[in-house]
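Residue numbers (our numbering): 39 to 441. From the three backbone atoms N, C-alpha and C, an ideal C-beta is built for every residue, glycine too.
Shown next, in the form of structure tokens:
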């Protein structure tokens, strides 16, 4: 009896599986619809160009004079009365002062190394080896990118790791000897005259005579053709002047791009700017204006930012790599978008029925949209869904067998 019942159940199960497979085979080969996968997709855009900086800035009245050594870096904030530079009686004194300045940087680094060694709070040899490799790679990257102004700092970082390793494995006698030598060098007194700031803001040693001309106000009526003319001019530094003061952190950078790229950098979008030979790293900004040229081939973009670096306070003209924000979402072709009762969405295969899932469009391409990623919500499109491709009219809850 049990054997007969088992055989009957086996036959019923086999029949069910056969009907189920046949149903899906029929749907696949004879139904008037197919399904399309959606997938995770990331998009961003870049462009290379040249541009001009516009700032609120004023040159300092003091002349640079001879035998000068700056006491502040470009981009450093100063106040009225801040020491900007020192003047020396002769070239030898100025050179000795510069040597003292470099010696002080090394001395500070070595004193920090000695403190770490004395505290017994140093890294292991393997950690130091890894840190040394990282420092070497950073130096190589700086050379490859032409960022030579950062080499002194990177060299000190490398020296710190090497000295820590030497102190752990070979003692501190050589370290202490070098510290004593540097202390003696930095204690020497060199006669000089301090030069003080007469303004408050961000200092720059670069003056080109356009400080009162390339103002933020002049941008309001600037045309694409006028900018293109500015880009043909040269902006040599006026070496006879001490420097200038940029009144605030805000700056504007106007550049030109091909009109075909305009859609990738619309007004209001966030962008990143990396300057060729840059000395301050990339900076962020916002596109605030877009102006087309008379012939329609070129577009001028005006970008506003407030990151203070040596580039943003000192440069006038610069080659730049412009990068848009990246967008990551669920990609689907525009033809599948539907609007139901004012709600944007798509129809997906829900097993045996049609389901309407909402989309939150974060980016529009030429032929596709990106919807915000959603891994958990059942009502929104996610990367595991399959879109229904059919000429038939669809509605939420519609049976797939009706297609």
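A Cβ-Cβ contact shorter than 8 Å links residue 427 with residue 73.
Using a 10 angstroms sphere on the CB of residue 92, the tally of other CB atoms reaches 16 or more, which defines it as buried. Distance between residue 84 and residue 441, taken at the CA atoms: about 44 Å. Taking each of 378, 232 and 417 in turn and checking the Cα distance to residue 121, the smallest one comes out for 232. Within the same chain, and ignoring the five residues on either side of residue 254 in sequence, the residues whose Cβ sits closer than 8 Å to its Cβ are 92, 93, 94, 288 and 290. The beta carbon of residue 149 sits closer than 7 Å to the beta carbons of 217 from its chain, once the five residues preceding and following it are set aside; these are given in chain order. Residue 405 places its beta carbon 8 Å or farther from that of residue 382. Residue 90 sits away from residue 258, with the two beta carbons spaced by 8 Å or more. Counting along the chain, residue 421 sits inside no beta strand (DSSP E), nor does DSSP assign it H or E at all. For residue 411, the secondary structure class from DSSP, reduced to helix, strand or coil, is coil. Across the structure, residue 248 and residue 376 are spaced so that their CA atoms are roughly 54 Å apart. For residue 95, the enclosing beta strand (DSSP E) starts and ends at 95-97. The DSSP-derived three-state label of residue 153 is helix.
With fewer than 16 neighbouring CB atoms inside 10 Å of its own CB, residue 118 falls in the exposed class. The beta carbons of residue 361 and residue 310 sit closer together than 8 Å.
Taking the CA atoms as reference points, residue 279 sits about 14 Å from residue 352. Between residue 277 and residue 135, the CB-CB gap reaches or exceeds 8 Å. Short of 6 Å from the beta carbon of residue 363, and not among the five residues preceding or following it, lie these beta carbons of its own chain, in chain order: 308. Comparing C-alpha distances from residue 285 to each of 225, 137, 113 and 408 shows the shortest one belongs to 113. Non-local beta-carbon contacts of residue 432 in its own chain, meaning distances under 7 Å to residues more than five positions away in sequence, involve 385, 392 and 426 in chain order. Per the coordinates, the alpha-carbon of residue 252 lies some 14 Å from the alpha-carbon of residue 272. In the displayed model, residue 90 falls within a strand according to three-state DSSP. Scanning the segment 336-402 for uninterrupted beta strand (DSSP E) segments of 3 residues or longer gives 336-343, 355-362, 365-371, 376-378, 381-387, 392-396 and 399-402, listed from N- to C-terminal end. For residue 412, same chain residues with a beta-carbon under 6 Å away, outside a window of 5 residues either side, are 418 and 420 in chain order. DSSP places residue 292 inside the beta strand (DSSP E), whose first and last residues are 289-296. The straight-line gap separating the alpha-carbon atoms of residue 224 and residue 146 is approximately 11 Å. The DSSP-derived three-state label of residue 109 is coil.
Residues 400, 408, 409, 410 and 411 of the same chain have their beta carbon placed closer than 6 Å to that of residue 367, with the five preceding and five following residues left out of the count.
Annotation for residue 263: 331 and 332 place their beta carbon closer than 7 Å to its own, counting only its chain and skipping 5 residues before and after. Between residue 369 and residue 77, the gap from beta carbon to beta carbon is short of 8 Å. Its chain contains 83, 85 and 337 as the residues whose beta carbon lies nearer than 8 Å to that of residue 299, once the 5 sequence neighbours on both sides are disregarded; these appear in chain order. Distance from the CA of residue 320 to the CA of residue 79, rounded to the nearest whole angstrom, comes to 25 Å. In the DSSP annotation of this structure, the continuous segment of the alpha helix (DSSP H) that includes residue 215 starts and ends at 211-224.
Going by DSSP, residue 265 is part of the alpha helix (DSSP H) stretching over 262-268.
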